[in-house]
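Here the structure comes first, spelled out in structure tokens, and everything after it is commentary.
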Amino acid sequence: MMTLEKFEEASEIVKQVTLETKLVYSDYFSKMTGNKVYFKPENMQMTGAYKLRGAYYKISTLSEEERKKGLITASAGNHAQGVAYAAKAYGCRAVIVMPTTTPLIKVNRTKGYGAEVILYGDVYDEACAYALQKAEEEGFTFIHPFDDLDVATGQGTIAMEIFKELPTVDYILVPIGGGGLATGVSTLTKLLNPKIKVIGVEPKGAACMQASLEKGEVVTLPSVNTIADGTAVKTPGSQIFPYIQENLDGIITVPDEELIVTFLDMVENHKMIVENSGLLTAAALKQLDVRNKKIVAILSGGNMDVITMSSVVQNGLIQRGRIFTVSVLLPDKPGELVKVSQIIAELQGNIIKLEHNQFVSINRNAAVELRITMEAFGMEHKEEIVEALDVGGYRPKLVQPKGIYM
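Structure follows, in structure tokens:
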């Protein structure tokens, strides 16, 4: 059973390895939503995510014999680092099975904590099945990333810290992959104050918990498709599911497009790097139809590789209209490029890339193509520039930008 006494015990134990992640008030998101929004920045933890809490507490409950067998787990990255770090602290051998799609930064950091890494399968579920097979064949002690009440209890210590710092909180938003974090947070929250609402947030392309709650039993999605790799889970935990049913007040799903622009918001307004799964709660704030409430959004992790970061930034700027590309046709004669550049310059557009194609037409004198990629202040400014080029007779067509920063 997940009791208040166990949560209190776990809270004291995890202090041995966790950093203090005090709430961060967000003026930007508060004004945007009409609420008082606070972030719980678990992306600032030692291992870059909250997972260290559950892993360390779980290992603390094992017998010496269970630890000596060696630990094995499966993870898309954050639980892997949590188990690796905790195992090193306890002097245990750790073997981590990670999907082949796991970002390199998570693989390398897991190895850096002394764990042995095996890459297997395209998604977490396939990696987990392989880890369980190895545990049975070689006698390892398996540490489940979410479907374990001790692990969930360790994750729930986040709620204890939130409650101590902001006892009058009205809503807590928590990301959901397999459901361990949501189980711990929602269960402890209801024990402390049943009036507080706890809302789970899933990526729309991997909403296994929403599907399970709708059916009233654990279901497996046929596939998952999301940039939020840390929550790309097809089947939620069966042991923790009854706790979710009892304590979670609702689920919000977020499309990948919202995660992309939220990443920009977080970087520009809070100077924080938060991975896509960790951004779920921040992106969900727009969908929470309440006003004048105190809301805590848990930012679950910040382990993001530079290549992914670059792609997300680029796509976010495109979505916001701050980067765009137009194709214009102009006669192949001196001075035409200057005229186009002048129109853009007068409206304070900043050209960052030019592509000149003389072979778009057989008659080069009639028309050559010029593709211009530029920066704008936003959608309105973008439309203003496009309209000015149209008035100038260049018939601009918007095309997909490519290779801006890569």
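With the numbering used here applied, the sequence shown corresponds to residues 1306 to 1711, in that order. Where a beta carbon is used, it is the ideal one built from N, C-alpha and C, also for glycine. None of the values given here were measured: they were computed from a predicted structure.
Exercise for review: Pick out whichever of Asp1534, Ser1517, Ile1532 and Ala1533 has its Cα sitting closest to the Cα of Leu1526.
Suggested key: Ser1517
**Study point:** Closest by C-alpha distance to Ala1588, when choosing among Thr1405, Ile1504 and Pro1472
**Key:** Ile1504
**Study point:** At least 3 beta-carbon pairs within less than 8 Å: the stretch 1488 to 1502 vs the stretch 1536 to 1555
**Key:** yes
Check your understanding: Can you round the beta-carbon distance between Phe1344 and Leu1357 to whole angstroms, since I take them to be within the 8 Å contact cut?
Key -> Not confirmed; about 18 Å, so no contact.
Point to revise | Spatial distance of Val1645 from Met1577 (CA atoms) | key: 38 Å
Practice item. Count the other C-beta atoms from every protein chain shown that fall within 10 angstroms of the C-beta of Arg1596, then say buried if there are 16 or more, exposed otherwise. Key: exposed
Review point. Is it true that the CB of Tyr1476 sits closer than 8 Å to the CB of Lys1285?
Key: Because residue 1285 is not part of the residues shown, which for the chain are 1306 to 1711, the question remains open.
Practice item. Specify, as a first and last residue, the run of the beta strand (DSSP E) that Ala1379 falls within. Key: Leu1376 to Ala1379
Check your understanding: Are Tyr1390 and Val1479 close, meaning C-beta to C-beta below 8 Å?
Key -> no
Review point. With distances taken between CB atoms, is the gap from Val1559 to Met1571 smaller than 8 Å?
Key: no
Check your understanding: Counting pairs of Cβ atoms below 8 Å between the stretch 1424 to 1439 and the stretch 1390 to 1399, do you hit three or more?
Key -> no
Point to revise | Whether Thr1415 touches Leu1367 by CB criterion (8 Å) | key: no
**Study point:** Coarse secondary structure for Lys1598, derived from DSSP in three states
**Key:** coil
Exercise for review: Report back the beta-carbon spacing between Gly1483 and Pro1450 to the nearest angstrom; my notes put them in contact at under 8 Å.
Suggested key: 6 Å
Exercise for review: Return the bridge partner residues of Ile1603 from the DSSP annotation.
Suggested key: Lys1345
Review point. Would you report the Cα separation of Glu1470 and Ile1364, rounded to the nearest angstrom?
Key: 27 Å
Review point. Ala1533 to Pro1636, Cα distance in whole Å?
Key: 46 Å
Review point. Taking three-plus beta-carbon pairs below 8 Å as touching, is the stretch 1686 to 1698 in contact with the stretch 1623 to 1639?
Key: yes
Review point. By a C-beta neighbour count over all protein chains shown, 10 Å radius and 16 as the cutoff for buried, is Glu1563 buried or exposed?
Key: buried
Exercise for review: Compare the C-alpha of Leu1486 against each of Val1618, Leu1437 and Leu1454 and name the closest.
Suggested key: Leu1454
**Study point:** Between the CA atoms of Glu1641 and Gly1274 - distance to the nearest angstrom
**Key:** Outside the displayed span of the chain (1306 to 1711) sits residue 1274, for which this structure offers no information.
Check your understanding: Cα-Cα, which of Met1349, Lys1591 and Leu1593 is closest to Met1609?
Key -> Met1349
Review point. Tell me which same chain residues have a C-beta within less than 6 Å of the C-beta of Tyr1330, skipping the five on either side of it?
Key: Tyr1343
Exercise for review: In the DSSP assignment, find the unbroken beta strand (DSSP E) run with Ala1399 in it and report its ends.
Suggested key: Ala1399 to Met1403
Practice item. With a 10 Å radius around its C-beta and 16 neighbouring C-beta atoms as the bar for buried, classify Pro1639 as buried or exposed. Key: exposed
Practice item. Compare the Cα-Cα distances from Val1677 to each of Val1696, Gln1705 and Met1684 and report the closest residue. Key: A small correction: the amino acid at residue 1677 is Ile; Val does not occupy that position in the sequence shown. The residue with the shortest Cα to Cα distance from Ile1677 is Gln1705.
Review point. For Thr1613, which residues from the same chain have a beta carbon less than 7 Å from its beta carbon, with the 5 sequence-adjacent residues on both sides left out?
Key: Pro1408
Point to revise | Among Ser1380, Phe1334, Asp1452 and Thr1338, the one whose alpha carbon lies nearest that of Ala1354 | key: Ser1380
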